[in-house]
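Mapping to the working numbering: the sequence shown position 89 is 607, numbers consecutive.
Each residue gets a CB set at the ideal place from its N, CA and C atoms; glycine is no exception.
Small disclaimer: the values here were computed from a predicted structure and weren't measured.
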Amino acid sequence: MAHRSAYRVGEVEISVVSRGEPGDLPSLVLLPGTGLTAQDWGVVADDLAGDRVVHAVDLRGHGRSSWPGRYSVDLMAQDVRRLLPALGAPVDLVGHSLGGLVACRVAAGDPALVRRLVLEDVGLLRPREPATPQRPEGVLDFDWRVVEQVRPEIDSPAAHWPATVAAITAPTLVVAGGAASFVPQDSITDLVELLPDGRVVTIDAGHEVHAARPADFVSTLRAFLAGLA
């Protein structure tokens, strides 16, 4: 059964939805993409909770976590680094899209916190034509300022990103979404080539592999976390 908890980390409170019972396997922590919350992981988390504790996180500015108005990949990574000891670090860390960038910064900056790393449809950042989408109508489950403040970091990435990826010592799996994804798949190849211990599996499902093909995503994840892939 899922239950929600709040953790104070620095200036913000981070909301986490947890499932499963403590056992011999490491905790599994799931970080969602931009505009998504812990609820986005529901089907996958329910499945994985059969054999480990699974924690799905609302990043700052999302869901029931604090919306402080200040957002960046590094601030989100700082939040997660402060959170992980309370969730049973070292953990197996999974990040989708923006959550994957956050996970990279955590794993590179504090390797003792991460046992294994999974990045879902995350490529090496490259400069691209700036384009901030317009805010959708209606009530959002996240602070639109996340898009306004983080998107420029992705359009014009900092020079540290190749070194950040190369500093990740945890065994890392990248799950690529294939040709249907808007993420250039050669950028995923570039990222994997920089990883000291990286591999890639392509599941042709588009950018949200875990939502489009949850059974395939879970089986791929399980094999990697068990050391079989």
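Contact check for V612 and V632: beta-carbon distance about 10 Å, past the 8 Å limit, so the pair fails to qualify. Under DSSP, H573 forms a beta bridge with S536, V547.
In the DSSP assignment, H521 falls outside any alpha helix (DSSP H) and lies within the beta strand (DSSP E) extending over 521-527. Close CB contacts of V683 within its chain, under the 8 Å cut and outside five residues either way in sequence, are with C622, A626, L642, L709, L712, L713 (chain order).
The straight-line gap separating the alpha-carbon atoms of L739 and E529 is approximately 33 Å. A direct Cα-Cα distance of roughly 15 Å separates T707 from V636. With a threshold of 16 other beta carbon atoms within 10 Å, G568 falls short and is exposed. DSSP links T690 through a beta bridge to L635, G716. Contact check between the segment 523-540 and the segment 684-697: fewer than three CB pairs, one atom from each, fall below 8 Å, which does not count as touching. In the structure shown, the three-state DSSP call for E647 is coil. Here M594 is buried. Its C-beta has 16 or more other C-beta atoms within 10 Å.
Shown here for H580: same chain residues with a beta carbon closer than 8 Å to its own, the five before and five after excluded, namely P550, G553, L554, T555, D659, F660, D661, V664 in chain order. Secondary structure within the segment 558-632: the alpha helix (DSSP H) runs of 4 or more consecutive residues, fully enclosed, are 560-566, 591-601, 616-627 (chain order). As DSSP reads the structure, V530 sits in a beta bridge with V527. If the five residues before and after L691 are omitted, its C-beta is found closer than 8 Å to the C-beta atoms of R634, L635, V636, L637, G716, R717, V718, V719, T738, L739, F742, A747, all from its own chain and listed in chain order.
Bounds of the alpha helix (DSSP H) holding H728 are 727-730.
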